[in-house]
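Everything on this sheet refers to the single structure shown next.
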Amino acid sequence: MTQQQGREEVSGPTTRFVLRILHSYFAISRGMTLGVRAACFDEEGRIFLVRHSYVPGWYMPGGGVERRETVMQALEKELREEGNLVMTEPPQLFHVYYNSTVSKRDHVLLYRAKVIQTAPRPADREIVESGFFDPRDLPPDTTTATRRRLAELGGEASPADIW
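With the sequence shown counted from 1, adding 76 to any position gets you the numbering used here.
So this is what it looks like as structure tokens:
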């Protein structure tokens with residue numbers, strides 16, 4: 077298959093200016109937040125979970141995508157910050173969810189990732205506990221959403237559109 081040259085999508089200062097104005101308007105009128113989470117598995121098939129200081133329960137690591145940050149940059153950053161985790165191969169996008177529990181404009185991209193932990197993650201003010209767990213033997217206070225996502229990843233349930 078040969079690649080054909082086409083018209084650039086964004087070219088010229090006038091187009092850039094108009095797009096900047098439109099995007100500013102959309103941020104106010106239709107603002108949306110975007111987050112990433114990952115089901116991080118080690119070579120033994122265990123899943124990495126974190127327990128935050130500010131919400132109860134165990135969660136998959138993740139966080140928000142910041143301005144001027146790609147989804148992959150956000151994912152790599154969150155895994156590093158929350159678990160000293162490094163992906164050993166490219167992650168697989170599993171599903172996109174609408175997370176109405178956070179706000180009426182939040183979406184979450186869930187990835188499946190194979191990881192290694194470069195060093196144990198010490199507790200701090202954000203992450204009070206973390207670790208790898210057998211997916212069949214999760215901590216008792218693992219969140220319902222985390223359990224649902226693992227069932228979806230394991231093929232035991234169809235992916236939902238709502239987090």
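Here a beta-carbon is modelled for each residue, glycine too, at the ideal position from N, C-alpha and C. A quick note: this is a predicted structure, and the numbers were derived from the prediction, not measured.
Where the beta strand (DSSP E) containing residue i begins and where it ends
i: M163; result: 161–163
i: L214; result: Counting along the chain, L214 falls outside any beta strand (DSSP E), and DSSP gives it neither H nor E.
i: I123; result: 123–128
Bridge partner(s) assigned by DSSP for residue i
i: Q168; result: R188
i: I97; result: I97 is not bridged to any residue.
i: D182; result: T109
i: G139; result: V112
Helix, strand or coil at residue i according to DSSP, with G and I counted as helix
i: S206; result: strand
i: L110; result: strand
i: A199; result: coil
i: A236; result: coil
i: R83; result: Caution applies to R83, whose pLDDT of 49 falls short of 50 and renders its modelled position unreliable; the value that the coordinates give is listed next. If DSSP states are grouped into helix, strand and coil, R83 belongs with coil.
Beta-carbon proximity list for residue i, same chain, < 6 angstroms, skipping 5 on both sides
i: N175; result: D182, V184, W239
Bounding residues of the alpha helix (DSSP H) (the contiguous stretch that carries residue i)
i: L229; result: 220–229
Residues near residue i in its chain [Cβ-Cβ closer than 8 angstroms; skip 5 each side]
i: L155; result: A114, C116, P137, L161, V162, M163, A189, V191
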